[in-house]
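2 protein chains.
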Amino acid sequence: MTATIKDVARVCGVHVSTVSRTFSAPHLVNPTTRSRVLAAADDLGYRPNRAARALTTGRTFNMGLIVADIANPFFPPLIKAAQAQARGRDYHVFVADTDEDPRVEEELIRTLTKQVDGVLLCSPRLSNKMIERLAEDVPFVVVNRRIKGMAAVLMNVAQGARLALEHLAGLGHRRIALVSGPIGSWTSNEMQGVAADATGLDLVFFGPNQPTEAGGLAVAADVAACGATAVLAYNDLVALGVIEGLSAMEIGVPDQISVIGFDDILPGRLNRPKLTTVAMPAVAAGRMAVDLLLQSGGEGATVTLDTALIVRESTGRAQT
Amino acid sequence: MTATIKDVARVCGVHVSTVSRTFSAPHLVNPTTRSRVLAAADDLGYRPNRAARALTTGRTFNMGLIVADIANPFFPPLIKAAQAQARGRDYHVFVADTDEDPRVEEELIRTLTKQVDGVLLCSPRLSNKMIERLAEDVPFVVVNRRIKGMAAVLMNVAQGARLALEHLAGLGHRRIALVSGPIGSWTSNEMQGVAADATGLDLVFFGPNQPTEAGGLAVAADVAACGATAVLAYNDLVALGVIEGLSAMEIGVPDQISVIGFDDILPGRLNRPKLTTVAMPAVAAGRMAVDLLLQSGGEGATVTLDTALIVRESTGRAQT
DNA sequence: TTTAGTCTGGCAACCGTTTGCAAGGGAGGA
DNA sequence: TCCTCCCTTGCAAACGGTTGCCAGACTAAA
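Residue numbers (full-length UniProt numbering), protein chains in the order written: chain A, 1 to 320; chain B, 1 to 320.
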């Protein structure tokens, strides 16, 4: 057993409340006493029990972070950043993966509720209604989803999509394949919104698709068949899958078809050809989400972070 | 405020202890009463407060998972698997990233201690001595590290290294560069142990190196200069960095130099050329570590998981 | 009808901390 | 010298549960 507040109190002959105050309200205890307590605590290796503390204060100094798929390379940098930011604020982070299953997501939130001061929901699969209901029990900050009255960190996907389309248009592409993601994805909707507004371009939509390499691979043949000279993919994984599929058909990227992804994940940077992509500010988003949660407690504020087009090797002039 | 055990008790006119037992020892309460309690609980949306429960029982149903770098693609599948396994056992997982800093690692463990039933330490950077000391306060399961008397999940790196060297030898390679990882890494030591025993091969060592693409990139020129026709790298990231560096020098892989990595991470599978690698059983390790923690509570058992050589495109016959 | 045993549920202490309240002591002002 | 006021500390209740112990109500055996 590790030392408790009582042990410390006994050792230096004061009441437990004095020990408690030494840690949580130092100004209320005499400097002499304080240093005696501190010395004894150090001696015994005492650390306040956060769970017990939470019981009375109502603050756990824990937060939850829920993502659909930890193994999707988009998330680890975000998780890492959130976790580091939280640690700097003396918070611990429960990380949970829902396997893309809304029911798991709901159950996870429910069981986490009492144990955390708030939850970061990254690209949740739950309905708005359900999220709003759950928000009565625990503060949320949602990432890449807009829910009225709820704190959110958004990535400017529309801006990125616009930049990507302009880039392609500038290279002479006219017929462009839009390979979207899972149904109901906010990101996917944003992209399609921009695409719908694009004038002078001939867009052909493919979707919904799995947000993975397999999803891209599966749709590659259709993309090739539709006569597009360029592809804007839901994310880098899908883009890489498309490239994989195209090269299996002996179609060169970017010589015959240009491909742009979203996210800027590591595999894209290492790929041959190196993937042109819209970089998503995952690290900033992770940090910001934590700050928002701690400041606003899930109320109101919406932060939109810029995206940026990173031109690498998977895009080139349209073949004429 | 969410409902507590008292609310439930009041609503159905029983004592709190009866409600408590309904959940934690159902056989001790009359079926009729039980269903009344259950109905009331369901009605009020009551969920036991796990933190409060932990206070008396000493079991938190939480565990910690500490890795050096979440963003290293080797870890996410392991984290995901551990987390899923834990969820199946009704456990929640704190995931923390130490940024490769032993002091952060120690502090993290200390603050986590009271809040978890055990901690999974993945490729820890702490000294054995320190880990043993910390183990007095909280059960550990270490992954890819051997510490006497402590539960461990090991990946058979030696086996993998042997397979890799045999594969290279079979392709006619004689002079092979061994690009190791960070100093003190268990994996690195295992590899070097095997290499030292290899007969008939001419091995040249490079290290220590950062376990990242940058580490590989930095060492590529030296590797090329040493006259080796093949490289065995600490992990896939390093291998990819080496390939990157070599191709910047117009040295073809596998035509001029063969490269093998370790881990089998996604970027390696997507790379051109597709990376030949020793697959590490990350998913199995994550699952196994959780089971070991829950079963043995950190005592004794050591599990060694097989590795496998996956031959893809980055290895070929030695040029003669 | 008595007796012993089994079920069931209440009581109260306890887990480790926090915090409002009050009391004691010393200092300063009148 | 007495009265206030502030500083410091102790006391005890509370947070949301769990659990050993006990007592009452039944049941069944004698």
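Where is the CB? At the ideal position from N, CA and C, for every residue including glycine.
Source: prediction; values computed, not measured.
Listing by chain order, which chain A residues have their CB less than 9 Å from the CB of residue i?
i: Lys114(B); result: Thr2, Arg47, Pro48, Asn49, Arg50, Ala51, Ala52
i: residue 333(B); result: No statement about residue 333(B) is possible, as the shown extent of chain B runs from 1 to 320 and does not include it.
i: Gln83(B); result: Ile70, Val95, Ala96, Asp97
i: Leu55(B); result: Asn49, Ala51, Ala52, Leu55
Return the first residue and the last residue of the alpha helix (DSSP H) that residue i is part of.
i: Thr304(A); result: It is not in any alpha helix (DSSP H) - Thr304(A) instead sits in the beta strand (DSSP E) that spans 302-305.
i: Met130(A); result: 128-134
i: Ile5(B); result: 5-11
i: Ala284(B); result: 282-296
i: Ala51(B); result: 50-57
i: Ile109(A); result: 102-112
i: Val37(A); result: 31-44
i: Val19(A); result: 16-24
i: Gly252(A); result: Gly252(A) -> no alpha helix (DSSP H), and no H or E assigned at all.
i: Gly316(A); result: Counting along the chain, Gly316(A) falls outside any alpha helix (DSSP H), and DSSP gives it neither H nor E.
i: Leu28(B); result: That residue, Leu28(B), is in no alpha helix (DSSP H); it is neither H nor E in DSSP.
i: Gly172(A); result: From DSSP, Gly172(A) is part of no alpha helix (DSSP H); its letter is neither H nor E.
i: Gly268(B); result: 266-270
Grab the span of the beta strand (DSSP E) containing residue i for me, first residue to last.
i: Met155(A); result: 152-155
i: Arg175(A); result: 175-179
i: Leu309(A); result: 308-310
i: Leu120(A); result: 119-122
i: Pro96(B); result: It is Ala, not Pro, that sits at residue 96(B) in the sequence shown. That run of the beta strand (DSSP E) goes 92-97.
i: Val143(A); result: 140-143
In chain B, what lies closer than 7 Å to residue i by C-beta?
i: Ile260(A); result: Within chain B, no residue comes near Ile260(A); the closest Cβ sits about 16 Å away, beyond 7 Å.
i: Gln210(A); result: Near Gln210(A) there are no residues of chain B at all, since even the closest Cβ is about 15 Å away, more than 7 Å.
i: Asp137(A); result: Thr2
i: Ala205(A); result: In the sequence as presented, Ala is not what sits at residue 205(A); that position holds Phe. Under the 7 Å cutoff, chain B gives no residues; its nearest Cβ is about 25 Å from Phe205(A).
i: Pro77(A); result: Ala71
In this structure, what does DSSP give as the bridge partners for residue i?
i: Thr276(B); result: Ile260(B)
i: Phe74(A); result: Phe74(A) pairs with nothing; no bridge assigned.
i: Glu299(B); result: Met150(B)
i: Ala62(B); result: In the sequence on display, residue 62(B) carries Asn and not Ala. Note: Asn62(B) sits in a beta bridge opposite His92(B).
i: Val67(A); result: Asp97(A)
Taking C-beta pairs closer than 8 Å, name the residues in chain A that residue i reaches, listed in chain order.
i: Arg80(B); result: According to the sequence provided, residue 80(B) is Lys. The question's Arg does not apply to it. Those within 8 Å of Lys80(B) in chain A are Asp69, Ile70, Ala71, Asp97.
i: Leu240(B); result: Leu270
Name the chain B residues whose beta carbon is nearer than 8 Å to that of residue i?
i: Thr60(A); result: Ala51
i: Arg110(A); result: Arg47
i: His92(A); result: Phe94, Ala96, Thr111, Leu112, Gln115
Residues of chain A with a CB under 7 Å from the CB of residue i: which are they?
i: Arg287(B); result: What Arg287(B) touches in chain A: nothing, since even the nearest Cβ is about 13 Å away.
i: Leu44(B); result: In chain order: nothing, as chain A lies at least about 12 Å away.
Kindly list, in the order they appear in chain B, the residues whose Cβ is closer than 9 Å to that of residue i.
i: Glu213(A); result: Leu266, Arg269, Leu270
i: His27(A); result: Near His27(A) there are no residues of chain B at all, since even the closest Cβ is about 23 Å away, more than 9 Å.
(request) Check whether the region 209-228 of chain B touches the region 270-290 of chain B, taking contact to mean three or more Cβ pairs, one atom from each stretch, closer than 8 Å. (result) no
(request) May I ask you to verify whether the region 175-190 of chain A touches the region 225-232 of chain A, counting CB pairs closer than 8 Å and requiring at least 3? (result) yes
(request) Taking 8 Å as the threshold, find out whether the region 132-145 of chain B comes into contact with the region 161-170 of chain B through three or more Cβ pairs. (result) no
(message) So within the region 179-249 of chain B, which uninterrupted alpha helix (DSSP H) runs reach at least 4 residues, ignoring any that extend past its ends?
(response) 186-197, 213-225, 236-248
(message) Under 8 Å, with one C-beta from each stretch per pair, do the region 93-100 of chain B and the region 302-309 of chain B reach the 3-pair mark?
(response) no
(message) Quick check: the region 78-87 of chain A against the region 32-50 of chain B, are at least 3 beta-carbon pairs closer than 8 Å?
(response) no
(message) Quick check: the region 256-268 of chain B against the region 310-320 of chain B, are at least 3 beta-carbon pairs closer than 8 Å?
(response) yes
(message) Using a Cβ distance threshold of 8 Å, determine whether the region 284-304 of chain B contacts the region 163-173 of chain B, with at least three qualifying pairs required.
(response) no
(message) Across the region 197-215 of chain A and the region 237-246 of chain A, are there enough close Cβ pairs to call them in contact, namely three or more that are closer than 8 Å?
(response) yes
(request) Would you check if the region 114-122 of chain A and the region 57-76 of chain A touch, i.e. whether three or more CB-CB distances between them fall below 8 Å? (result) yes
(request) Would you check if the region 22-37 of chain A and the region 23-40 of chain B touch, i.e. whether three or more CB-CB distances between them fall below 8 Å? (result) no
(message) Any contact between the region 83-93 of chain A and the region 34-44 of chain A? By contact I mean 3 or more CB pairs, one from each, below 8 Å.
(response) no
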